[in-house]
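The block underneath contains the structure these notes are about, expressed in structure tokens.
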Amino acid sequence: MLSHCRPPTRFLAATLGFFLSCLWVMIAAENVMHADPTTDDTAHPAAGTATAEGLGTHGYVDSGGVRLHYVTAGNGPLVVLLHGFPDYWYTWRAQMPALAKHFQVVALDMRGYNHSDQPEGVENYSVDRLTADVAAVIAHFGRKSAIVVGHDWGGYVAWTLAMTRPELVDRLVILNLPHPRGLLRELTHNSDQQKASAYARAFQKPDAAASVQPEQLAFWVSDPAAREKYIVAMRRSSIEGMLNYYKANYPREPYDDAAAQNLPKVRCPVLMFHGLDDTALLPAGLNGTWDWLDEDLTLVTIPGAGHFVQQDATDKVTRHMLSWLQDPTP
Numbered sequence: 002m003l004s005h006c007r008p009p010t011r012f013l014a015a016t017l018g019f020f021l022s023c024l025w026v027m028i029a030a031e032n033v034m035h036a037d038p039t040t041d042d043t044a045h046p047a048a049g050t051a052t053a054e055g056l057g058t059h060g061y062v063d064s065g066g067v068r069l070h071y072v073t074a075g076n077g078p079l080v081v082l083l084h085g086f087p088d089y090w091y092t093w094r095a096q097m098p099a100l101a102k103h104f105q106v107v108a109l110d111m112r113g114y115n116h117s118d119q120p121e122g123v124e125n126y127s128v129d130r131l132t133a134d135v136a137a138v139i140a141h142f143g144r145k146s147a148i149v150v151g152h153d154w155g156g157y158v159a160w161t162l163a164m165t166r167p168e169l170v171d172r173l174v175i176l177n178l179p180h181p182r183g184l185l186r187e188l189t190h191n192s193d194q195q196k197a198s199a200y201a202r203a204f205q206k207p208d209a210a211a212s213v214q215p216e217q218l219a220f221w222v223s224d225p226a227a228r229e230k231y232i233v234a235m236r237r238s239s240i241e242g243m244l245n246y247y248k249a250n251y252p253r254e255p256y257d258d259a260a261a262q263n264l265p266k267v268r269c270p271v272l273m274f275h276g277l278d279d280t281a282l283l284p285a286g287l288n289g290t291w292d293w294l295d296e297d298l299t300l301v302t303i304p305g306a307g308h309f310v311q312q313d314a315t316d317k318v319t320r321h322m323l324s325w326l327q328d329p330t331p
């Protein structure tokens with residue numbers, strides 16, 4: 002089934018690049034927003050305590066010796082929410098209350114972020130370790146499988162888990178992250194995507210973390226109160242760990258899409274959201290996604306929304322996601 006779908010042919014100017022391309026300019030700026038120091042509490046919340054926002058309760062899970070923090074709410078089928086860069090569990094604040102009425106929602110702090118452990122070494126951020134983290138979360142809640150929702154790097158982890166551990170994924174929801182084959186194809190053949198990915202190549206440099214300050218990582222958050230929370234969360238996080246996602250997993254030059262030709266097909270139903278104003282991951286990467294799936298694809302493209310579509314179009318994303326997840330035959 003293909004619904005609410007627009008042809009992903011709209012190309013956006015890549016001259017400004019992704020919001021992270023702007024980051025490199027902002028790093029040199031003199032006026033940096035700082036969080037209220039009284040809120041800069043680096044202590045980890047106790048398991049079982051409620052979040053300040055009333056979105057759920059804190060908890061922790063062990064994944065091969067790495068302690069991962071999550072917030073959970075609700076009862077029912079398990080939904081695991083995976084954020085991207087630079088983000089943390091709070092990115093799902095608009096979706097969690099609606100989902101928690103029908104599902105048990107678990108919003109994870111990915112390794113390297115916020116209250117989760119931040120192991121050193123690029124190898125500790127390989128996609129194999131990241132998918133093992135999700136498997137550990139599913140097992141922690143006594144489930145054999147889950148609905149997996151991922152944005153940006155969380156989307157890459159979700160795609161990979163569905164391809165390599167299909168028994169763990171009942172349904173897949175991806176936000177602003179093309180299928181790995183689509184992204185690598187565009188990196189290989191599309192000069193616009195190559196330009197848009199300049200930030201990723203910069204992040205792969207050995208000394209990249211030295212130029213990044215936590216405060217700038219929250220500049221994209223439009224709501225002032227939320228931005229304060231993000232600044233605190235980014236201060237808790239490991240910038241080196243965040244950039245290790247790029248060093249360990251992002252394709253490197255020279256690009257060659259032949260490397261992705263043998264990826265297994267996804268065997269569960271897939272819902273994709275893509276904000277068409279995303280200047281890092283261009284809509285052309287969506288083309289052909291249906292060829293790499295064995296089940297139905299539902300594609301929702303949203304004009305006017307950018308890379309953080311779950312925050313830019315909260316009502317649309319929440320409504321479509323909940324409707325699709327409740328449909329017994331998506």
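Residue 331 is where the sequence shown ends in this note's numbering, and the numbering goes up by one at each step.
Just so you know, even glycine gets a beta-carbon here, dropped at the ideal spot from N, CA and C.
Note that this is a predicted model, so its numbers are computed, not measured.
Take residue i and list the residues in its own chain whose beta-carbon comes closer than 7 Å to its own, dropping the five residues that flank it on each side.
i, result
"Ala48", "His59, Gly60, Tyr61"
"Val180", "Reading off the sequence shown, one finds His at residue 180, where the question assumed Val. Around His180: Trp160, Thr290, Trp293."
"Gly65", "Ala133"
"Asp278", "Leu13, Gly305, Ala306, Gly307"
"Met235", "Pro87, Pro215, Leu218, Ala219"
"His141", "Val62"
Which residues mark the beginning and the end of the beta strand (DSSP E) in which residue i is found?
i, result
"Met273", "271-276"
"His59", "58-64"
Between the beta-carbon of residue i and the beta-carbon of residue j, is there less than 8 Å?
i, j, result
"Arg166", "Ala261", "no"
"Pro270", "Asp292", "no"
"Asp110", "Trp90", "yes"
"Gly276", "Gly307", "yes"
"Gly57", "Met97", "yes"
"Ala95", "Gln311", "yes"
"Tyr71", "Val138", "yes"
"Ser212", "Gln119", "no"
"Val135", "Leu82", "no"
"Met322", "Leu272", "yes"
"Asp295", "Arg268", "yes"
"Val149", "Leu131", "no"
Out of the options, which one is the CA nearest neighbour of residue i?
i, options, result
"Tyr251", "Pro215, Phe204, Leu294", "Phe204"
"Arg68", "Lys317, Tyr256, Gly113, Pro284", "Gly113"
"Val174", "Gly242, Asp313, Thr299", "Thr299"
"Ser324", "Lys230, Pro225, His308, Val301", "Val301"
"Asn333", "Lys206, Gly156, Tyr256, Asp328", "The structure shown does not extend to residue 333, since the chain is modelled only from 2 to 331, so the question has no answer here."
"Val318", "Leu131, Gly151, Tyr231", "Gly151"
"Val106", "Gln327, Val158, Ile148, Val80", "Val80"
"Lys196", "Leu282, Glu229, Gln217", "Leu282"
"Pro255", "Ser212, Thr73, Glu187", "Glu187"
"Leu185", "Asp257, Pro265, Glu216", "Asp257"
"Asp153", "Arg268, Pro304, Phe274", "Phe274"
"Arg253", "Pro304, Ala201, Thr280, Phe220", "Ala201"
"Pro331", "Ala199, Asp193, Arg172, Ser192", "Arg172"
"Glu216", "Asp313, Ile303, Pro207, Glu229", "Glu229"
Helix, strand or coil: how does DSSP classify residue i here?
i, result
"Tyr251", "coil"
"Gln217", "helix"
"Tyr231", "helix"
"Leu184", "helix"
"Gln105", "strand"
"Arg320", "helix"
"Lys77", "According to the sequence provided, residue 77 is Gly. The question's Lys does not apply to it. Coil."
"Ala95", "coil"
"His70", "strand"
"Gly18", "Any answer about Gly18 is weak, because its pLDDT of 37 lies below 50 and its placement is not dependable; what the coordinates show is given next. Looking at Gly18 - three-state DSSP - the assignment turns out to be coil, as it is neither helix nor strand."
"Val123", "helix"
"Val301", "strand"
"Ala1", "This structure cannot speak to residue 1, because the chain is shown only from 2 to 331."
"Arg172", "strand"
"Leu283", "coil"
"Leu178", "coil"
"Gly49", "coil"
"Gly85", "coil"
"Leu264", "coil"
Starting from the C-beta of residue i, find all residues in its chain whose C-beta is less than 6 Å away, skip the five residues before and the five after it, and write them out in chain order.
i, result
"Asn245", "Val123, Tyr126"
"His45", "His116"
"Glu241", "Ala210"
"Asn76", "Gln105"
"Ala147", "Leu79, Val81, Ile139"
Where do the ends of the alpha helix (DSSP H) carrying residue i lie?
i, result
"His141", "128-141"
"Asp193", "192-197"
"Val222", "Unbroken run through Val222: none, as it is neither H nor E."
"Leu162", "154-165"
"Asp257", "Note, Asp257: premise wrong, no alpha helix (DSSP H); not H, not E."
"Val310", "310-313"
Under 8 Å, Cβ to Cβ, is there at least one residue of chain C near residue i?
i, result
"Leu162", "Checking the listed chains, one finds no chain C in this structure; it contains a single protein chain."
Under 8 Å Cβ to Cβ from residue i, same chain only, skipping five residues before and after it: list those, please.
i, result
"Thr315", "Ala95, Gln96"
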